[in-house]
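Residue numbers (this note's numbering), protein chains in the order written: chain L, 3 to 241; chain W, 3 to 241. No residue lacks a Cβ here, since even glycine has one placed at the ideal position from N, Cα and C.
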DNA sequence: ACATATCTGTGATTGTAATCAAATTTTGGA
DNA sequence: TCCAAAATTTGATTACAATCACAGATATGT
């Protein structure tokens, strides 16, 4: 791993280097703070914390991805967030919130860095610039949620699924000659649980989009987006 | 109007007194800041700003309420936020965001207070405690959006509508002997546009909830929630 | 208080997605 | 590489909500 602050290769694997909220810190500040961070690893399917838990720590993803979800009265998962490398969460418990509003579960092997509440508050008051960074990050999160809500609100199912694909393309897409290659963080069932629709419907609609030449699935976990413009028109995200 | 900082009645109508993010300021700081705030009034239906506008100000609602929405490709409004007294918005434009992600329109006669970007940044660095307050407020907003997403994701329509009613009860409800009296910020059509369903369906489902004895509509703009427990069970919000 | 414009409720029909039930493909571990 | 488990696709049927059409109720301004 290479980073902006160390010469040559970094061996310490400081998650901080991947996290925008710490980008305003000097190397010295970073290494001081890194000394008060704890590390954890999780396997796919492992639960980081459950809805209602009163944990008091900020969790930063160093590697991997995590879904945040609730169980609906119908017994289905409603996914609320998908967090990946560099994202942080759990912060609500640090700022006034009492209990976790959702369960967090690793979607793949995941490594995290953990701040305790005390460590975090100390840092916050010592480095006010971080607060602004946090606000910016929360704004990004709100913007992402707004985008998801817009996708969910579209009445036509193709539009909803297309909207989610665009969101994922934005966050997980890699531009290749033919279009945008999207490594999906969620399975078909996960997508269904994000949008609140049936798993089978997701399959059918993706099949439809494929036959229209808009996408080309590459295995189950990757989709090649060939015609983003059509999707944008379907979802109203052509702004 | 009465406030914690002035003896007797306040005549200056400082919106700051209603806004949690300023609660950590001293009276002197408040009156200094109030001198750099601008005021605006809007009629019902008037647009404060439109999607894509690059405004650079923080808007605080002093009186009234405002909806934030986008237009879906189907031509329908997708409501993303309902802001009311004490809420602030537009802040994304202050923190890195470039353009407004939605259109803001007054739902009723509304008075606002406006911070310019410069004034706001000065205040932020002079009073670091405000940053923490802002983070807390954004966390609340995220929590509210999570709740809305959960409502939207419930498959059964009664559940979705019930979830929204609970959200509104939380924010706009007043406890009365018979239950909770909710002054709805949105019309039936507004509710439909929030949830992404048809207006008629909202009517039908509310009618159904009425015949089940869960709610009692009082005119078009008020609903008396008689049996919150049933709603909570329907929506999974009984945590 | 009245009148008009807007909003809301109800019925009939249609369209779309949920559900149930297998068959098939993909994936990850031995 | 192969095998078993998991995930996905596909088909048939059913249930539910969207739509269209209009009647009725509410609200707002004069």
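Using 10 angstroms around the beta-carbon of residue 42 (chain W), count the other beta-carbons present and answer buried if the total reaches 16, otherwise exposed.
exposed
Amino acids of chain W, ordered along the chain, whose beta-carbon sits closer than 9 angstroms to that of residue 238 (chain L):
Under a criterion of Cβ atoms nearer than 9 angstroms, the residues of chain W adjacent to residue 238 (chain L) are, in order, 72, 73, 74, 75, 76, 80.
Who are the neighbours of residue 134 (chain L) on chain W, taking C-beta pairs under 8 angstroms?
97, 126, 133
Is it the case that the Cβ atoms of residue 183 (chain L) and residue 118 (chain L) are separated by a distance below 9 angstroms?
No. Outside cutoff.
Where DSSP assigns a beta bridge to residue 116 (chain W), which residues make up the other side?
W:40, W:61
Rounded to a whole number of angstroms, what is the C-alpha to C-alpha distance between residue 155 (chain W) and residue 148 (chain W)?
10 angstroms
Inter-residue Cα distance where the pair is residue 13 (chain L) and residue 35 (chain L):
A caution first: residue 13 (chain L) carries a pLDDT of 39, below 50, which makes its placement in the model too unreliable to give a value.
Out of L:188, L:20, L:24, L:238, which one is the CA nearest neighbour of residue 129 (chain L)?
L:24
Would you list the one or two residues that DSSP bridges to residue 97 (chain L)?
None, per the DSSP bridge assignment.
Start-to-end residues for the alpha helix (DSSP H) that takes in residue 134 (chain L)
130-155
With a threshold of 16 other CB atoms inside 10 Å of the CB of residue 106 (chain L), please say whether the residue is buried or exposed.
buried
In terms of residues, what are the limits of the alpha helix (DSSP H) holding residue 173 (chain W)?
159-174
How would you write the range of the alpha helix (DSSP H) that residue 207 (chain L) sits in, first residue to last?
201-213
Output the distance between the C-alpha atoms of residue 5 (chain W) and residue 96 (chain W), rounded to the nearest integer angstrom.
For residue 5 (chain W), the predicted model reports a pLDDT of 47, less than 50, meaning its position is unreliable; a value from the coordinates is still stated below. Roughly 28 angstroms separates the two Cα atoms.
Can you give the Cα-Cα distance for residue 9 (chain W) and residue 29 (chain W), rounded to whole angstroms?
Here the model assigns residue 9 (chain W) a pLDDT of 42, short of 50, so the residue's position is not dependable, and the following value carries that caveat. So the alpha carbons of these two residues sit roughly 11 angstroms apart.
DSSP has residue 218 (chain L) in a bridge; who is on the other side?
L:226
What residue from W:166, W:238, W:39 has the CA that sits closest to residue 124 (chain W)'s CA?
W:39
For residue 172 (chain L), count the other beta carbons within 10 Å of its own beta carbon; 16 or more makes it buried, fewer makes it exposed. Which is it?
exposed
Looking only at its chain, what residues have a beta carbon closer than 6 angstroms to the beta carbon of residue 222 (chain L), apart from the 5 residues adjacent to it on each side?
none
DSSP state of residue 102 (chain W), grouped into three classes?
coil
How many whole angstroms separate the CB atoms of residue 84 (chain L) and residue 58 (chain L), which I take to be in contact at a CB cut-off of 8 angstroms?
With a Cβ gap of about 23 angstroms, residue 84 (chain L) and residue 58 (chain L) do not count as contacting.
Considering only their Cβ atoms, is the gap separating residue 114 (chain L) from residue 81 (chain L) smaller than 9 angstroms?
no
Let me see if you follow: with CB-CB separation under 9 angstroms, is residue 158 (chain L) close to chain W or not?
yes
Can you list, in chain order, the residues of its chain whose CB lies under 6 angstroms from that of residue 131 (chain L), leaving out five sequence neighbours each side?
So the list reads 26, once near-sequence residues are dropped.
Three-state secondary structure (DSSP) at residue 20 (chain L)?
helix
Is the CB of residue 196 (chain W) under 9 angstroms away from at least one CB in chain L?
yes
Could you pull out every residue in the same chain whose Cβ sits closer than 7 angstroms to the Cβ of residue 216 (chain W), ignoring the five residues on either side in sequence?
228, 229, 232, 233
What residue range is occupied by the uninterrupted beta strand (DSSP E) comprising residue 27 (chain W)?
Run containing residue 27 (chain W): none; DSSP gives neither H nor E here.
Please tell me whether residue 259 (chain W) has its Cβ less than 9 angstroms away from any Cβ of chain L.
Examination of residue 259 (chain W) is not possible in this model, given that chain W is present from 3 through 241 alone.
Cα-Cα separation between residue 111 (chain W) and residue 187 (chain W), rounded to whole angstroms
12 angstroms
Taking buried to mean at least 16 other C-beta atoms within 10 Å of its own C-beta, is residue 133 (chain L) buried or exposed?
buried
Continuous alpha helix (DSSP H) stretch holding residue 188 (chain W): start and end:
Per DSSP, residue 188 (chain W) is not a residue of any alpha helix (DSSP H), being assigned neither H nor E.
Any heavy atom of the ligand NAD within a distance shorter than 8 angstroms of the CB on residue 112 (chain W)?
Absence of the ligand NAD is noted for the structure shown, with no ligands found whatsoever.
Does chain W have any CB closer than 9 angstroms to the CB of residue 143 (chain L)?
The beta-carbon of residue 143 (chain L) is placed less than 9 angstroms from the nearest beta-carbon of chain W.
Nonlocal neighbours in the same chain, by C-beta distance under 7 angstroms from residue 214 (chain L), ignoring five residues either side:
none
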